[in-house]
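Participant: Residue numbers (UniProt numbering): 1 to 369.
Quick reminder that beta carbons are idealized off the backbone N, C-alpha and C, glycines included.
To start, I am sharing the structure in question, which I have written as structure tokens.
Right, dumping it as structure tokens:
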């Protein structure tokens, strides 16, 4: 198979607590299960436990699914059994001691509140954590052992998944903010950009990397000091930790905050029709080119219509504004672009999309000012 066209399935976690679903589907490389499937398995396990323990007649608290939707290891193990000969074993079990874990095919990792999976696909290891900001993360064979040790040191139990994996289910997937099919070329380009950064680390948390570091520091009574890169990112996300955005109609509302986007074409003199025409001609040439591969961005316009365009991997926020500015040329307007999955208003047009966590099949809402 052409390596550049090799596809990776990955599920991204949003406001839900369905990391168990995302974990198992990313491990299996397809949307094999949903929350209803796992809840049904949990109920059956509960029924068996009630009968075994003789607890009928008074209230029984499930040990297989929490109120927030988090599933037990028993539920995930039963789900894997339903697909054939897949068994899970602790990496600390006697049979796995002194074994070369790089020869395995996949792992699932669990803390009290989070699940994520690690999978080898075409001889490359990927961290498929649903809270990754930029999609699947490449793990080198050399680093795998150290990464697994780091995961254990941060309170996770690790289970190796052995047996015959089902074939990937990558056809006819309706990609959205949660279910994504990414090319290995895209993942490699993101990886190559990230490893050049001084503070590069793989994500092992139930939140994004920065929040995970803060939580670990806080648990030790220490203060977390942001790096310059993180501080700049936090400045661009003033609402990230303050409140949950309120959805109204076809837009997203961030309180009374006014747009401060520094998009240069908003400053065109409305009386200078000639200059505006030149800008639109330039943009028409720019967007007449359709890329075969890149970042597919889904736009929701103020009138409810949807548009999509494939941008290059090094596209910036300004490219998004250029596209909507050109698409709305018949009815000129000022607007703000909002990424609901990141709870982020896109105000700095110089930022590259991948650097702020906007990857392929991300939805962008166009809010008319």
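#1: From residue 266 to residue 307, what distance separates their C-alpha atoms?
#2: Just to confirm, is the Cβ distance from residue 73 to residue 136 under 8 Å?
#3: Using only CA atoms, which one of 138, 286, 175 lies nearest to residue 193?
#4: Quick one: what does DSSP say residue 86 is sitting in, helix, strand or coil?
#5: Which first and last residues belong to the alpha helix (DSSP H) in which residue 50 is found?
#6: Just verifying my parser: in three-state terms, what is the DSSP assignment at residue 248?
#7: Residue 36: buried (16+ other C-beta within 10 angstroms of its C-beta) or exposed?
#8: Exposed or buried, residue 254, counting other C-beta atoms within 10 Å across all chains shown (16 or more means buried)?
#9: From what residue to what residue does the alpha helix (DSSP H) around residue 149 run?
#10: Report the rounded CA-to-CA distance for residue 81 versus residue 87, giving the unit in angstroms.
#11: Is the stretch 89 to 102 in contact with the stretch 33 to 47, if contact means three or more CB pairs nearer than 8 Å?
#12: Whole angstroms is fine: what's the gap from residue 389's alpha carbon to residue 163's?
#13: So, residue 89 versus residue 160, is the Cβ gap smaller than 8 Å?
#14: In angstroms, rounded to a whole number, what distance separates the CA positions of residue 77 and residue 305?
#15: Across which residues does DSSP place residue 183 in a beta bridge pair?
#16: How far does the alpha helix (DSSP H) with residue 26 in it extend, from its first residue to its last?
#17: Using CA coordinates, which residue listed in 287, 332, 313, 297 is at the minimum distance from residue 269?
#18: For residue 368, which residues of its own chain have a beta-carbon under 7 Å away from its beta-carbon, when the five flanking residues on both sides are left out?
#19: State the Cα-Cα distance for the pair residue 166 and residue 33, rounded to the nearest angstrom.
#20: Between which two residues does the beta strand (DSSP E) carrying residue 261 extend?
#21: Going by C-alpha to C-alpha distance, which of 286, 358, 319 sits closest to residue 262?
#22: Comparing alpha-carbon positions, which option in 132, 38, 172 lies nearest residue 190?
#23: Along the alpha helix (DSSP H) that carries residue 91, what are the first and last residues, could you check?
#24: When DSSP labels each residue in this structure, what does residue 321 get in the three-state scheme?
#25: Under a three-way DSSP split, which group does residue 233 fall into?
#26: With residue 368 as the anchor, note down where its beta strand (DSSP E) starts and where it stops.
#27: For residue 104 and residue 150, what's the separation of their Cα atoms in angstroms?
#28: Output the boundary residues of the beta strand (DSSP E) element that contains residue 344.
#29: Mind the definition here: the stretch 280 to 291 touches the stretch 322 to 330 only if three or more C-beta pairs lie below 8 Å; say whether that holds.
#30: Since residue 119 is in the beta strand (DSSP E), which residue starts that stretch and which ends it?
#31: Are the Cβ atoms of residue 338 and residue 362 separated by less than 8 Å?
Facilitator: Quick look at the numbers:
#1: 21 Å
#2: no
#3: 138
#4: strand
#5: 35 to 53
#6: Because the pLDDT at residue 248 is just 31, under 50, the model does not fix this residue reliably, and the value given afterwards should be weighed accordingly. DSSP places residue 248 in strand when its eight states are reduced to three.
#7: exposed
#8: Because the pLDDT at residue 254 is just 38, under 50, the model does not fix this residue reliably, and the value given afterwards should be weighed accordingly. Per the 10 Å Cβ criterion, buried.
#9: 141 to 153
#10: 7 Å
#11: no
#12: Residue coverage of the chain in this structure runs from 1 to 369, which leaves residue 389 outside it and unanswerable.
#13: yes
#14: 43 Å
#15: 7
#16: 19 to 28
#17: 332
#18: 302, 333, 335
#19: 13 Å
#20: Careful: residue 261 lies outside any beta strand (DSSP E) and carries neither H nor E.
#21: 319
#22: 132
#23: Unbroken run through residue 91: none, as it is neither H nor E.
#24: helix
#25: The pLDDT assigned to residue 233 is 41, lower than 50, so where the model puts this residue is not dependable, and the model offers no usable value.
#26: 362 to 368
#27: 18 Å
#28: 344 to 346
#29: yes
#30: 115 to 121
#31: no
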